[in-house]
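Numbering (the working numbering), first residue to last: 1393 to 1547. Read through the structure below, which is laid out as structure tokens, and then see the notes.
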């Protein structure tokens, strides 16, 4: 439960909405810490300008822009919309590599089943564009909270 002020300045408790992703954001941070350790380079959220005047925000980038990563805090097999999100993030990573040739691209997961649920043309694109898929384990408590949040979101 969170505390917030209503319009009159009175402290009121609010129950997180079923789609609240605070736990997922927390898990993504932990995933990136784990991947940073595996790669030996700290990764942090970063705003990257693109040559056409636009920009992207990437979940994890090395300070020297030699690594770009997108994190997925999901337990179990992914469904259609989740796979589309991964596909769009693969496109984002490919675009970043075109601007930063030689950059190491990573899709970072916290669950083997989620990672392995990418099949068909998405898996082919990941392989073709040499995007690495990596898994970083979460602490048991965070994993349990993530599963609980997913159950609320998908009922």
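We put the CB at the ideal spot given by N, CA and C, even for glycine.
Three-state secondary structure (DSSP) at residue i?
{"i": "residue 1481", "result": "helix"}
{"i": "residue 1422", "result": "helix"}
{"i": "residue 1498", "result": "strand"}
{"i": "residue 1463", "result": "strand"}
{"i": "residue 1453", "result": "strand"}
{"i": "residue 1473", "result": "helix"}
{"i": "residue 1523", "result": "coil"}
{"i": "residue 1468", "result": "coil"}
{"i": "residue 1512", "result": "helix"}
{"i": "residue 1445", "result": "coil"}
{"i": "residue 1432", "result": "coil"}
Whole-angstrom Cβ separation of residue i and residue j, contact assumed at under 8 Å?
{"i": "residue 1502", "j": "residue 1423", "result": "5 Å"}
{"i": "residue 1478", "j": "residue 1464", "result": "7 Å"}
{"i": "residue 1449", "j": "residue 1485", "result": "Between residue 1485 and residue 1449 the Cβ distance is about 12 Å, and since that is not below 8 Å, they are no contact."}
{"i": "residue 1500", "j": "residue 1427", "result": "5 Å"}
{"i": "residue 1492", "j": "residue 1457", "result": "5 Å"}
So, is the C-beta of residue i closer than 7 Å to a C-beta in chain D?
{"i": "residue 1532", "result": "Protein chains in the displayed structure number just one, and chain D is not present."}
Select from the options the residue whose C-alpha is nearest the C-alpha of residue i.
{"i": "residue 1469", "options": "1419, 1531, 1525 and 1509", "result": "1509"}
{"i": "residue 1512", "options": "1476, 1542 and 1543", "result": "1476"}
{"i": "residue 1489", "options": "1517, 1436, 1523 and 1519", "result": "1523"}
{"i": "residue 1483", "options": "1417, 1493 and 1518", "result": "1518"}
Determine whether the beta carbon atoms of residue i and residue j lie at a separation below 7 Å.
{"i": "residue 1415", "j": "residue 1538", "result": "yes"}
{"i": "residue 1425", "j": "residue 1454", "result": "no"}
{"i": "residue 1507", "j": "residue 1535", "result": "no"}
{"i": "residue 1452", "j": "residue 1435", "result": "yes"}
{"i": "residue 1527", "j": "residue 1504", "result": "yes"}
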